[in-house]
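Using this note's numbering, the first residue of the sequence shown is number 75, and each one after it goes up by one. Don't be surprised by glycine CBs; every beta carbon is placed ideally from N, CA and C.
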Amino acid sequence: MPSTRLPRFRSTRSARSESESLRNDPGEPMRFGFHISISGGFSKVVERAAIRSCQTIQFFSRNPRGWQYDPLDQDDLEAYHRSLEGSGLFPVFLHLPYLPNIACRASKFYKRSVSSIVTDLQRAQTLKAQYLIIHIGHRMESTEEEAIEAVCDGIDQALDKVENDVVLLLENTAGQGSEIGYRFEQIRDIMARVGENRRLGVCLDTAHSFEAGYDLSTKEGLEKTLEAFDRTIGLKRLHLLHLNDSKTPLGSRKDRHWHIGEGYIGLDGFRRIVNHPLLAHLPGIMETPRKDTVEDLKNMKVIRSLVESP
(Lines of atoms letter the chains of each structure in order from A and count residues from 1; the text may use other names and numbers.)
(Lines give C-alpha, C1' and ligand atoms only; values in the text may rest on other atoms or scores of the structure.)
Protein backbone atom coordinates (compact mmCIF):
# COMPACT_ATOMS: atom_id res chain seq x y z
CA MET A 1 0.00 0.00 0.00
CA PRO A 2 1.25 3.55 -0.64
CA SER A 3 2.77 5.24 2.37
CA THR A 4 0.75 7.75 4.36
CA ARG A 5 1.90 11.24 3.50
CA LEU A 6 3.31 13.28 6.33
CA PRO A 7 3.57 17.08 6.25
CA ARG A 8 6.28 18.36 3.90
CA PHE A 9 9.36 19.74 5.54
CA ARG A 10 10.68 23.26 5.45
CA SER A 11 14.17 21.91 4.70
CA THR A 12 13.42 21.26 1.01
CA ARG A 13 14.36 24.63 -0.39
CA SER A 14 17.46 25.05 1.74
CA ALA A 15 18.65 21.55 0.83
CA ARG A 16 18.43 22.40 -2.83
CA SER A 17 20.08 25.81 -2.61
CA GLU A 18 22.87 24.54 -0.36
CA SER A 19 23.66 21.62 -2.67
CA GLU A 20 23.82 23.92 -5.67
CA SER A 21 26.22 26.25 -3.83
CA LEU A 22 28.64 23.34 -3.34
CA ARG A 23 29.28 23.01 -7.04
CA ASN A 24 32.33 24.65 -8.56
CA ASP A 25 31.98 28.02 -10.19
CA PRO A 26 31.97 27.91 -14.01
CA GLY A 27 35.53 27.79 -15.32
CA GLU A 28 36.98 26.07 -12.25
CA PRO A 29 38.45 22.58 -12.76
CA MET A 30 36.67 19.52 -11.46
CA ARG A 31 37.29 18.55 -7.83
CA PHE A 32 38.48 14.95 -7.52
CA GLY A 33 38.34 12.41 -4.73
CA PHE A 34 37.94 8.74 -3.84
CA HIS A 35 35.67 6.48 -1.90
CA ILE A 36 37.58 6.25 1.40
CA SER A 37 37.72 3.33 3.84
CA ILE A 38 36.36 3.86 7.38
CA SER A 39 38.42 1.00 8.79
CA GLY A 40 39.64 2.04 12.22
CA GLY A 41 37.03 4.78 12.54
CA PHE A 42 35.86 7.97 10.87
CA SER A 43 38.82 9.79 12.41
CA LYS A 44 41.03 8.08 9.79
CA VAL A 45 39.03 9.28 6.80
CA VAL A 46 40.47 12.77 6.37
CA GLU A 47 44.05 11.53 6.77
CA ARG A 48 43.49 8.89 4.08
CA ALA A 49 41.93 11.51 1.83
CA ALA A 50 44.92 13.82 2.31
CA ILE A 51 47.37 11.05 1.35
CA ARG A 52 45.46 10.69 -1.91
CA SER A 53 45.28 14.48 -2.52
CA CYS A 54 41.48 14.40 -2.43
CA GLN A 55 39.43 17.56 -2.72
CA THR A 56 36.14 15.73 -2.09
CA ILE A 57 35.34 12.40 -0.41
CA GLN A 58 32.83 9.59 -0.19
CA PHE A 59 32.52 6.85 2.44
CA PHE A 60 30.12 4.44 4.15
CA SER A 61 28.72 5.03 7.62
CA ARG A 62 29.09 1.33 8.53
CA ASN A 63 30.03 -2.10 7.16
CA PRO A 64 28.67 -2.03 3.58
CA ARG A 65 27.99 -5.78 3.48
CA GLY A 66 25.93 -6.09 6.64
CA TRP A 67 22.73 -4.73 8.18
CA GLN A 68 23.91 -3.89 11.67
CA TYR A 69 24.37 -0.28 12.72
CA ASP A 70 26.73 0.04 15.67
CA PRO A 71 26.35 3.23 17.73
CA LEU A 72 28.66 6.03 16.65
CA ASP A 73 31.63 6.46 18.97
CA GLN A 74 31.55 10.04 20.23
CA ASP A 75 35.32 10.35 20.66
CA ASP A 76 35.86 9.07 17.12
CA LEU A 77 33.16 11.39 15.81
CA GLU A 78 34.68 14.43 17.50
CA ALA A 79 38.12 13.55 16.11
CA TYR A 80 36.59 13.25 12.64
CA HIS A 81 34.88 16.63 12.96
CA ARG A 82 38.13 18.28 14.06
CA SER A 83 40.06 16.81 11.14
CA LEU A 84 37.34 17.70 8.62
CA GLU A 85 37.21 21.33 9.73
CA GLY A 86 39.69 23.32 7.70
CA SER A 87 40.59 20.33 5.50
CA GLY A 88 39.04 21.93 2.42
CA LEU A 89 37.23 18.69 1.59
CA PHE A 90 33.87 19.38 -0.02
CA PRO A 91 31.37 18.20 -0.80
CA VAL A 92 31.22 15.19 1.51
CA PHE A 93 29.24 12.20 0.24
CA LEU A 94 27.89 9.28 2.24
CA HIS A 95 27.08 6.07 0.33
CA LEU A 96 24.35 3.65 1.39
CA PRO A 97 25.64 0.08 1.94
CA TYR A 98 25.16 -2.60 -0.70
CA LEU A 99 22.39 -4.74 0.83
CA PRO A 100 19.37 -2.38 0.88
CA ASN A 101 16.98 -2.89 -2.04
CA ILE A 102 13.86 -0.74 -2.33
CA ALA A 103 12.99 -1.89 -5.86
CA CYS A 104 11.11 -5.02 -4.74
CA ARG A 105 8.26 -4.47 -2.31
CA ALA A 106 7.76 -8.24 -1.90
CA SER A 107 11.28 -8.70 -0.55
CA LYS A 108 11.49 -9.52 3.16
CA PHE A 109 14.20 -6.84 3.32
CA TYR A 110 12.09 -3.98 1.90
CA LYS A 111 11.19 -2.38 5.24
CA ARG A 112 14.72 -2.87 6.52
CA SER A 113 16.03 -1.22 3.35
CA VAL A 114 13.84 1.85 3.89
CA SER A 115 15.02 1.98 7.51
CA SER A 116 18.63 1.92 6.30
CA ILE A 117 18.01 4.99 4.16
CA VAL A 118 16.42 6.75 7.13
CA THR A 119 19.39 5.93 9.37
CA ASP A 120 21.95 7.01 6.81
CA LEU A 121 20.10 10.26 6.08
CA GLN A 122 20.39 10.99 9.79
CA ARG A 123 24.01 9.87 9.94
CA ALA A 124 24.90 11.97 6.91
CA GLN A 125 23.99 15.11 8.81
CA THR A 126 25.92 13.94 11.88
CA LEU A 127 28.96 13.25 9.67
CA LYS A 128 28.59 16.65 7.96
CA ALA A 129 27.87 15.03 4.60
CA GLN A 130 25.74 17.05 2.21
CA TYR A 131 24.63 14.04 0.16
CA LEU A 132 23.60 10.40 0.52
CA ILE A 133 24.02 8.17 -2.55
CA ILE A 134 21.81 5.11 -3.00
CA HIS A 135 21.67 2.28 -5.52
CA ILE A 136 18.13 2.09 -6.88
CA GLY A 137 18.01 -1.69 -6.60
CA HIS A 138 16.87 -4.93 -8.24
CA ARG A 139 13.26 -5.54 -9.23
CA MET A 140 13.63 -9.32 -8.74
CA GLU A 141 10.29 -10.87 -9.85
CA SER A 142 8.49 -7.52 -9.97
CA THR A 143 7.61 -5.74 -13.19
CA GLU A 144 9.44 -2.53 -14.02
CA GLU A 145 6.35 -0.50 -13.15
CA GLU A 146 5.97 -2.28 -9.80
CA ALA A 147 9.66 -1.70 -9.07
CA ILE A 148 9.45 2.00 -9.82
CA GLU A 149 6.40 2.33 -7.56
CA ALA A 150 8.24 0.48 -4.78
CA VAL A 151 11.27 2.74 -5.12
CA CYS A 152 9.14 5.89 -5.03
CA ASP A 153 7.21 4.69 -2.00
CA GLY A 154 10.41 3.75 -0.17
CA ILE A 155 12.01 7.11 -0.87
CA ASP A 156 8.84 8.94 0.17
CA GLN A 157 8.77 7.05 3.46
CA ALA A 158 12.43 7.82 4.16
CA LEU A 159 12.22 11.52 3.30
CA ASP A 160 9.01 11.91 5.30
CA LYS A 161 10.77 10.58 8.39
CA VAL A 162 13.92 12.70 8.18
CA GLU A 163 13.90 16.48 8.36
CA ASN A 164 17.32 17.69 7.31
CA ASP A 165 19.13 19.25 4.37
CA VAL A 166 20.83 16.09 3.08
CA VAL A 167 20.18 15.54 -0.63
CA LEU A 168 19.45 11.97 -1.72
CA LEU A 169 21.29 11.03 -4.92
CA LEU A 170 20.07 8.20 -7.14
CA GLU A 171 23.00 6.42 -8.78
CA ASN A 172 22.46 5.04 -12.27
CA THR A 173 23.18 1.34 -12.68
CA ALA A 174 24.80 -0.89 -15.29
CA GLY A 175 21.59 -2.88 -15.75
CA GLN A 176 23.13 -6.06 -14.37
CA GLY A 177 20.61 -8.80 -13.67
CA SER A 178 17.27 -7.27 -12.66
CA GLU A 179 18.69 -3.83 -11.79
CA ILE A 180 16.58 -0.82 -12.60
CA GLY A 181 17.91 2.69 -13.04
CA TYR A 182 20.16 1.86 -16.00
CA ARG A 183 18.02 3.87 -18.39
CA PHE A 184 17.62 7.60 -17.84
CA GLU A 185 13.88 7.25 -18.43
CA GLN A 186 13.59 4.99 -15.37
CA ILE A 187 15.34 7.56 -13.18
CA ARG A 188 13.14 10.30 -14.64
CA ASP A 189 10.00 8.34 -13.76
CA ILE A 190 11.18 7.81 -10.19
CA MET A 191 12.05 11.45 -9.65
CA ALA A 192 8.77 12.61 -11.15
CA ARG A 193 6.68 10.50 -8.76
CA VAL A 194 8.48 11.16 -5.49
CA GLY A 195 6.53 13.75 -3.52
CA GLU A 196 9.59 15.50 -2.09
CA ASN A 197 11.58 15.29 -5.32
CA ARG A 198 13.39 18.58 -4.79
CA ARG A 199 15.40 16.68 -2.19
CA LEU A 200 16.53 14.28 -4.93
CA GLY A 201 19.42 14.45 -7.35
CA VAL A 202 21.46 12.09 -9.51
CA CYS A 203 24.93 10.59 -9.31
CA LEU A 204 26.10 9.55 -12.78
CA ASP A 205 28.58 6.66 -12.81
CA THR A 206 30.64 6.66 -16.00
CA ALA A 207 31.29 2.90 -15.95
CA HIS A 208 27.64 2.09 -15.31
CA SER A 209 26.54 4.48 -18.07
CA PHE A 210 28.90 2.90 -20.59
CA GLU A 211 27.94 -0.63 -19.56
CA ALA A 212 24.26 0.31 -19.89
CA GLY A 213 24.83 1.42 -23.49
CA TYR A 214 25.64 5.14 -23.25
CA ASP A 215 28.88 5.57 -25.20
CA LEU A 216 31.18 7.92 -23.28
CA SER A 217 34.28 6.87 -25.19
CA THR A 218 33.68 9.16 -28.17
CA LYS A 219 32.93 12.85 -28.54
CA GLU A 220 29.68 12.14 -30.38
CA GLY A 221 28.65 9.55 -27.79
CA LEU A 222 29.30 11.91 -24.87
CA GLU A 223 27.26 14.68 -26.49
CA LYS A 224 24.38 12.29 -27.20
CA THR A 225 24.49 10.98 -23.63
CA LEU A 226 24.39 14.47 -22.11
CA GLU A 227 21.59 15.49 -24.47
CA ALA A 228 19.60 12.40 -23.48
CA PHE A 229 20.20 13.05 -19.78
CA ASP A 230 19.16 16.68 -20.06
CA ARG A 231 16.07 15.81 -22.10
CA THR A 232 14.85 13.14 -19.68
CA ILE A 233 16.12 14.13 -16.21
CA GLY A 234 17.69 17.57 -16.58
CA LEU A 235 21.36 18.37 -16.07
CA LYS A 236 20.46 20.66 -13.17
CA ARG A 237 19.63 17.48 -11.21
CA LEU A 238 23.13 16.06 -11.70
CA HIS A 239 25.27 16.63 -8.59
CA LEU A 240 28.10 14.08 -8.80
CA LEU A 241 30.13 12.00 -11.24
CA HIS A 242 31.50 8.61 -10.28
CA LEU A 243 34.61 8.51 -12.45
CA ASN A 244 35.30 4.86 -13.23
CA ASP A 245 36.55 3.23 -16.41
CA SER A 246 34.81 0.06 -17.59
CA LYS A 247 36.44 -3.35 -17.83
CA THR A 248 33.60 -4.57 -20.06
CA PRO A 249 32.47 -3.39 -23.50
CA LEU A 250 29.74 -0.90 -24.37
CA GLY A 251 26.29 -2.21 -23.45
CA SER A 252 27.63 -5.27 -21.63
CA ARG A 253 25.21 -4.77 -18.70
CA LYS A 254 28.04 -6.03 -16.46
CA ASP A 255 29.21 -3.81 -13.58
CA ARG A 256 33.01 -3.91 -13.70
CA HIS A 257 34.96 -0.80 -12.67
CA TRP A 258 38.50 -0.35 -13.96
CA HIS A 259 41.41 2.07 -13.71
CA ILE A 260 41.13 5.47 -15.40
CA GLY A 261 42.20 5.23 -19.04
CA GLU A 262 42.82 1.48 -18.96
CA GLY A 263 39.29 0.37 -19.82
CA TYR A 264 36.89 0.77 -22.71
CA ILE A 265 36.13 4.45 -22.05
CA GLY A 266 39.82 5.29 -22.34
CA LEU A 267 41.97 8.34 -21.71
CA ASP A 268 40.42 10.42 -24.49
CA GLY A 269 36.96 9.62 -23.18
CA PHE A 270 37.85 10.83 -19.68
CA ARG A 271 39.66 13.88 -21.04
CA ARG A 272 36.44 14.97 -22.72
CA ILE A 273 34.37 14.20 -19.60
CA VAL A 274 36.45 16.13 -17.05
CA ASN A 275 36.80 19.16 -19.34
CA HIS A 276 33.26 19.28 -20.68
CA PRO A 277 31.67 22.67 -19.90
CA LEU A 278 28.48 20.97 -18.69
CA LEU A 279 30.36 18.66 -16.30
CA ALA A 280 33.54 20.37 -15.10
CA HIS A 281 31.71 22.20 -12.29
CA LEU A 282 30.75 18.88 -10.69
CA PRO A 283 32.78 16.88 -8.16
CA GLY A 284 34.22 13.57 -9.37
CA ILE A 285 34.64 10.57 -7.09
CA MET A 286 36.69 7.55 -8.20
CA GLU A 287 35.76 4.01 -7.15
CA THR A 288 38.53 2.29 -9.07
CA PRO A 289 39.97 -1.09 -7.99
CA ARG A 290 42.32 -0.81 -5.04
CA LYS A 291 44.90 -3.28 -3.80
CA ASP A 292 46.90 -0.56 -2.10
CA THR A 293 47.32 3.21 -1.88
CA VAL A 294 49.67 3.24 -4.87
CA GLU A 295 46.81 2.42 -7.24
CA ASP A 296 44.78 5.36 -5.93
CA LEU A 297 47.76 7.68 -6.32
CA LYS A 298 48.19 6.51 -9.91
CA ASN A 299 44.52 7.05 -10.77
CA MET A 300 44.58 10.52 -9.20
CA LYS A 301 47.70 11.43 -11.17
CA VAL A 302 46.13 10.21 -14.40
CA ILE A 303 42.78 11.99 -13.95
CA ARG A 304 44.47 15.28 -12.99
CA SER A 305 46.77 15.06 -16.01
CA LEU A 306 43.71 15.16 -18.25
CA VAL A 307 42.46 18.52 -16.98
CA GLU A 308 43.11 21.27 -19.51
CA SER A 309 43.85 24.88 -18.63
CA PRO A 310 40.92 27.27 -19.24
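Distances from the alpha-carbon of Ala180 to those of Glu220, Arg346, Gln231, Met104 put Glu220 closest. Across the structure, Asp279 and His109 are spaced so that their CA atoms are roughly 13 angstroms apart. DSSP assignment within the region 231 to 272 yields the following whole alpha helix (DSSP H) runs of 4 residues or more, N-terminal first: 258 to 267.
Between Phe303 and Tyr338, the C-beta spacing is not below 8 angstroms. By the neighbour-count criterion, in which 16 or more other beta carbons inside 10 Å mark a residue as buried, Gln142 falls on the exposed side. If you draw a straight line from the Cα of Asp370 to the Cα of Thr362, it is about 8 angstroms long. When only Cα atoms are considered, Val166 and Arg267 end up about 27 angstroms apart.
Secondary structure within the region 178 to 231: the beta strand (DSSP E) runs of 3 or more consecutive residues, fully enclosed, are 205 to 209 (chain order).
Per the Cβ contact rule, the region 283 to 302 is in contact with the region 312 to 326 (3 or more Cβ pairs under 8 angstroms). With fewer than three CB-CB distances shorter than 8 angstroms, the region 174 to 194 does not count as touching the region 120 to 127. Here the region 234 to 254 lies against the region 195 to 209, with 3 or more beta-carbon pairs under 8 angstroms apart.
Nearest Cα to Ser216 within the set Gln199, Tyr184, Arg364, Arg197: Tyr184. A distance of 8 angstroms or more separates the beta carbons of Gln196 and His169. Taking every protein chain shown into account, the CB of Tyr172 has fewer than 16 other CB atoms within 10 angstroms, so this residue is exposed. Runs of the beta strand (DSSP E) lying entirely within the region 270 to 312, each at least 3 residues long, are 274 to 279 in chain order. Assignment of Val381 by DSSP, reduced to helix, strand and coil, places it in the coil class. Counting only runs of 3 or more residues that sit fully inside the region 100 to 150, the beta strand (DSSP E) segments are 105 to 109, 130 to 133, in chain order. Cβ contact annotation for Lys372 (same chain, cutoff 8 angstroms, sequence separation greater than five): His333, in chain order. Residue burial annotation: Ser113 is exposed, with fewer than 16 other C-beta atoms found within 10 angstroms of its C-beta. If you look at Leu168, you'll find it in the beta strand (DSSP E) that goes 166 to 169. DSSP, read as helix, strand or coil, puts His155 in helix. For Ile347, the secondary structure class from DSSP, reduced to helix, strand or coil, is helix. Taking the Cα positions, Glu382 is about 43 angstroms away from Asp147. Annotated as proximal: Leu163 and Val120, with beta-carbon spacing under 8 angstroms. Secondary structure of Leu356 (DSSP, three-state): coil. With a beta-carbon spacing of about 19 angstroms, Gly275 and Phe106 fall beyond the 8 angstroms limit used to define contacts.
If you draw a 10 Å sphere on the C-beta of Asp342, you find fewer than 16 other C-beta atoms in it, and that means exposed. Burial check for Pro174: the Cβ neighbour count within 10 Å reaches 16 or more, so the residue is buried. A distance of 8 angstroms or more separates the beta carbons of Leu353 and His313.
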